[in-house]
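Student: Just so you know, the working numbering puts 63 at position 72 of the sequence shown, and the rest follows in order with no gaps.
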Amino acid sequence: MTRTTDAAAAVREHVRAFNARDVDGLLTGFTEDAVWITGSTTVRGRAALREFFGEAMRGLLPTLEVRDLIVEGTRAACQMTETLTYGGETRSYPIAAFYVLRDGLVAAAKVYREGSADVV
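1) Verify whether the separation of the beta carbon atoms of R35 and T65 is less than 8 Å.
2) Does L52 pass the burial test, meaning 16 or more other C-beta atoms within 10 Å, or should it be called exposed?
3) Can you tell me which of the three DSSP states L17 falls into?
4) Taking C-alpha atoms, which residue in D24, R12, L17 and N10 lies nearest to A1?
5) From the DSSP output, read off the bridge partner residues of V26.
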């Protein structure tokens, strides 16, 4: 399996675990020192990621649908649609996520949602 295939598989597994609300499965796809940036929030390390994703999965009920995935080496760019519940209302947003992988695991990611990744 090439690095490109590994990176694509890692991102697809990330999205699968996210949609299944499988926090443990999601976290196995991250390095111990992973950095996640979304909107004005930066989260570092698996323990903080567990809290961050767990809270989002309970409160926002998000799901992702991959539209486009481009991989080059250990970097991936993904255009997705995110559907979530905020203020009792279901909303959909186009998002873009940029991943850096190390040894097949997400080491860093930055997510942009329709101008900002902060839900408002």
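In this text, a Cβ means the ideal position worked out from N, Cα and C, and glycines have one as well.
The structure presented is a predicted model; accordingly, all values stated were derived computationally and were not measured.
Tutor: Result, derived from the coordinates:
1) Contact flag unset, no.
2) exposed
3) For L17, the secondary structure class from DSSP, reduced to helix, strand or coil, is helix.
4) L17
5) R35 and A99
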